[in-house]
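Worksheet: one structure, shown below.
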DNA sequence: TTTATATATAGCAATTTAGCTATATGAATA
DNA sequence: TATTCATATAGCTAAATTGCTATATATAAA
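Chains as they are written, first to last, in my numbering: chain A, 1 to 104; chain B, 105 to 208.
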């Protein structure tokens with residue numbers, strides 16, 4: 001198995017309005033964000049600049065929020081042409097939901 | 105409806121090893137705790153003293169952890185003969201799990 | 001009513017988190 | 001290779017969280 005789950009880490013990552021917003025927006029990239037040229041909204045994810053803008057924080061603060069989500073296995077970063085795109089890690093999120101249902 | 109759910113508040117309450125431990129232990133009060141005289145383990149819940157001991161923190165610290173869980177609708181306190189007993193609020197927990205599944 | 005005891009609150013210190021600005025890194029292009 | 005521009009890191013402050021001890025409150029029993 002290559003998915004290892006730390007439920008406490010996931011919950012700490014989720015316990016933030018900014019990060020919950022990011023996960024929510026990433027559920028519908030096409031509906032929530034403008035078209036991109038260098039990365040496919042679905043395949044690669046959403047450019048960190050758009051996410052930073054939606055969060056309403058400075059760039060380094062946004063970077064850290066995104067790192068927390070990525071470290072908890074909730075989103076997947078993809079580097080492409082100098083930008084970083086983020087999409088939900090649905091497999092891991094599903095596993096977390098299952099564990100949450102069972103263990104809490 | 106008398107159940108109102110704040111998913112962010114619930115996640116913040118859950119994002120703690122001590123509080124996750126309490127919720128976990130309360131799943132099986134009879135298996136995890138000794139018999140009580142003044143409050144029924146199932147009907148009323150577990151005496152805060154036992155929970156304090158399991159958490160391994162001082163009494164006021166435990167009180168605050170339990171308050172965080174109660175404020176988030178995860179546990180229900182019952183006062184009886186000078187003690188406070190806590191049990192899981194299964195209805196609310198179920199609602200939180202549903203919302204978690206849908207919104208995250 | 002007084003006393004004893006469980007729980008809650010006050011208040012403090014240490015740690016963690018979240019925000020910022022300034023700057024370093026690193027990859028794409030000229 | 002040099003430049004440019006997006007992202008990452010460093011380093012700081014403010015706020016929130018967690019732990020403690022001391023003390024207040026409140027309930028049960030004497």
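Note that the Cβ used here is the ideal one computed from N, Cα and C, for glycine as well.
| Item | Value |
| --- | --- |
| Supposed contact pair residue 18 of chain A and residue 65 of chain A - C-beta distance, whole angstroms, cut 8 Å | 5 Å |
| Short CB-CB distance (under 8 Å) between residue 12 of chain A and chain B | yes |
| Selected residue, minimal CA-CA separation from residue 49 of chain A, among A/71, A/16, A/4, A/77 | A/77 |
| Sequence ranges, beta strand (DSSP E) only - wholly within the stretch 40 to 91 of chain A, length at least 3 | 75 to 80, 83 to 88 |
| Beta carbon of residue 124 of chain B nearer than 8 Å to that of residue 192 of chain B | no |
| Other residues of its chain near residue 29 of chain A: CB distance less than 8 Å, five sequence neighbours each side excluded | 41, 42, 45, 46, 87 |
| Neighbouring residues, chain B, relative to residue 101 of chain A (Cβ below 9 Å) | 201, 204, 205 |
| Neighbour flag for residue 128 of chain B against chain A, beta carbons, 8 Å | yes |
| Proximal residues of chain B, C-beta to C-beta of residue 20 of chain A below 9 Å | 111, 112, 115, 207, 208 |
| DSSP state of residue 24 of chain A mapped onto helix, strand, coil | helix |
| Start and end residues, alpha helix (DSSP H) containing residue 35 of chain A | Where residue 35 of chain A is concerned, there is no enclosing alpha helix (DSSP H), given that its DSSP letter is neither H nor E. |
| Residues near residue 163 of chain B by beta carbon distance below 7 Å, same chain, minus five either side | 156 |
| Beta-carbon proximity check, residue 9 of chain A vs residue 204 of chain B, cutoff 8 Å | no |
| Interface partners of residue 121 of chain B on chain A, CB under 9 Å | 8 |
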